[in-house]
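If you use numbering that gives the first Met the number 0, the sequence shown closes out at 324, no skipped numbers anywhere. C-beta atoms are modelled at their ideal positions from N, C-alpha and C, and glycine is treated no differently. Predicted model only: the values in this text are computed from it and were never measured.
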Amino acid sequence: MSNIVQVGNVVARVYHNFFNSKMLHQITAGGRASAKSSKNALKVVLSMLENPNEEWIVVRQDYAHHADSTFLELQIACERLGLKENKDFFSRGTKLKITLSNGSTIRFGGMNDFRKLKGFKPTSSEKYIGGIWFFEIDEFRGSYGMTQTVATFIRGKKPHFVCLYEYNPPEVGSWVYPWVKEMRKREDTLYMFANYNDLTKWEQENWLGQLMLDEINETKKINFGLYENIYLGVPRVLEGACFPIAMKEFNLNSLTYKFNYISVGIDYGDNDATVAVAVGELDGVFYILDIYYDKTPDKLITVKEEEIRDFINSIKDTYDTELDV
Numbered sequence: 000m001s002n003i004v005q006v007g008n009v010v011a012r013v014y015h016n017f018f019n020s021k022m023l024h025q026i027t028a029g030g031r032a033s034a035k036s037s038k039n040a041l042k043v044v045l046s047m048l049e050n051p052n053e054e055w056i057v058v059r060q061d062y063a064h065h066a067d068s069t070f071l072e073l074q075i076a077c078e079r080l081g082l083k084e085n086k087d088f089f090s091r092g093t094k095l096k097i098t099l100s101n102g103s104t105i106r107f108g109g110m111n112d113f114r115k116l117k118g119f120k121p122t123s124s125e126k127y128i129g130g131i132w133f134f135e136i137d138e139f140r141g142s143y144g145m146t147q148t149v150a151t152f153i154r155g156k157k158p159h160f161v162c163l164y165e166y167n168p169p170e171v172g173s174w175v176y177p178w179v180k181e182m183r184k185r186e187d188t189l190y191m192f193a194n195y196n197d198l199t200k201w202e203q204e205n206w207l208g209q210l211m212l213d214e215i216n217e218t219k220k221i222n223f224g225l226y227e228n229i230y231l232g233v234p235r236v237l238e239g240a241c242f243p244i245a246m247k248e249f250n251l252n253s254l255t256y257k258f259n260y261i262s263v264g265i266d267y268g269d270n271d272a273t274v275a276v277a278v279g280e281l282d283g284v285f286y287i288l289d290i291y292y293d294k295t296p297d298k299l300i301t302v303k304e305e306e307i308r309d310f311i312n313s314i315k316d317t318y319d320t321e322l323d324v
């Protein structure tokens, strides 16, 4: 393979102290333009170069969205590490796959049908699945599918296994926050948070570019709350929503809880958001278990039937229960 460039020249400095970590669970949160996706893509490729029999799986909510995101990000990571396409690595776009010249492969899957991921096997008897990159977990319906996926691929004799998780902070009330809180109690979890201000001036100017920096500054002047959420990674409070205020903190080791009942309420309008809230009742206390929210500006909105159905099914799978809808 081509000579590998110095990692310190292609990974944002804010991540240097953590980049080589072999911790089992590695969570990276932050605003947009924080270089977390490029860091994770570089980590995947470099780990495979250092461990020739290692293979990876990349998961986001919808498989179709990989083509314009993670697939391209990993191709760029290969090139930034000095690899030449069609010589050191090979990309296939019909059924997404990236293969290094030694045969080790990166494959892509969707969390919306996570049970199909069980069919992913190493490409040969010498190789092993060494890691999973969970991309934009804030789009997932909950942690259940991730836990099942980790359980599927962590088994077997292998030198190490790494789970990379990344997300842009979602709305207040998202399942992500209590899940992260629980994960950070574990001794095998590494948590990182960054935003564009944590990049060096050189990284901002050369990687983000002046056009993006100008856009960030204009957003900051016009709508500071939006700037805080998108670029600083401050959790968003949904416009007009009151239900986050009433939310009780909930331990997402949810299968240890036996709710008296779980209800899903759905609200929508022609010019307003589609919202679904799953609520569990236990000993007179109501817990918000998960929230689905969709608002498309400048369009007439009707209830998102397929998305709501997926939301309800994820609640059923997570809590193993019938629902009152």
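Check	Outcome
Express the C-alpha separation of S103 and S46 in angstroms, rounding to a whole number.	11 angstroms
So, for I290: in the same chain, excluding its five sequence neighbours on each side, which residues have a beta-carbon less than 6 angstroms away from its beta-carbon?	G172, V276
Please classify K35: does DSSP put it in a helix, a strand, or coil?	helix
Is the Cβ-Cβ distance between F152 and L23 less than 8 angstroms?	no
My assumption, with CB atoms under 8 angstroms, is that T188 sits in contact with I75. Please give the rounded CB distance.	Contact doesn't hold; Cβ gap of about 28 angstroms is too wide.
Which residue's Cα is closest to the Cα of E306: V278, E138, K184, V6?	E138
Taking the Cβ atom as the reference point for each residue, do R154 and M110 lie within a distance shorter than 8 angstroms?	no
Which residue wins for smallest C-alpha separation from S90, given the options I105, L80, K200?	I105
Per DSSP, which residues does K96 bridge with? Please list them.	R91, R106
Excluding the 5 residues flanking T332 on each side, which residues of the same chain have their C-beta closer than 6 angstroms to its C-beta?	An answer regarding residue 332 cannot be provided, because it is not within the stretch 0 to 324 covered by the chain.
Considering Cα atoms alone, identify which of Q203, G141, L48 is closest to I309.	The sequence shown places Asp at residue 309, not Ile. For D309, the nearest C-alpha among the options comes from G141.
Return the chain-ordered ranges of every beta strand (DSSP E) run that is complete within the segment 103 to 171 and spans a minimum of 3 residues.	104 to 109, 127 to 133, 161 to 166
Can you tell me whether DSSP reads H15 as helix, strand or coil?	coil
Looking at the secondary structure, which residues open and close the beta strand (DSSP E) in which A28 lies?	24 to 29
Take the Cβ of N259 as the centre, count every other Cβ of all protein chains shown within 10 Å, and call the residue buried at 16 or more, exposed below.	exposed
Output needed for T148: all residues of its chain with C-beta closer than 6 angstroms, excluding positions within five of it in sequence on either side, in chain order.	F113, L116
Run the CB neighbour count on P169, radius 10 Å, all protein chains shown included, and call it buried at 16 or more, exposed below.	buried
Between P158 and chain C, is there a C-beta pair that is closer than 8 angstroms?	Checking the listed chains, one finds no chain C in this structure; it contains a single protein chain.
For Y190, report the span of its beta strand (DSSP E) as first-last.	188 to 193
In angstroms, rounded to a whole number, what distance separates the CA positions of K184 and M191?	14 angstroms
What residue from V13, Y164, Y195 has the CA that sits closest to T146's CA?	Y164
Run the CB neighbour count on K200, radius 10 Å, all protein chains shown included, and call it buried at 16 or more, exposed below.	exposed
Are the CB atoms of V13 and L231 within a distance shorter than 8 angstroms?	no
By how many angstroms is the C-alpha of E217 removed from the C-alpha of L210?	11 angstroms
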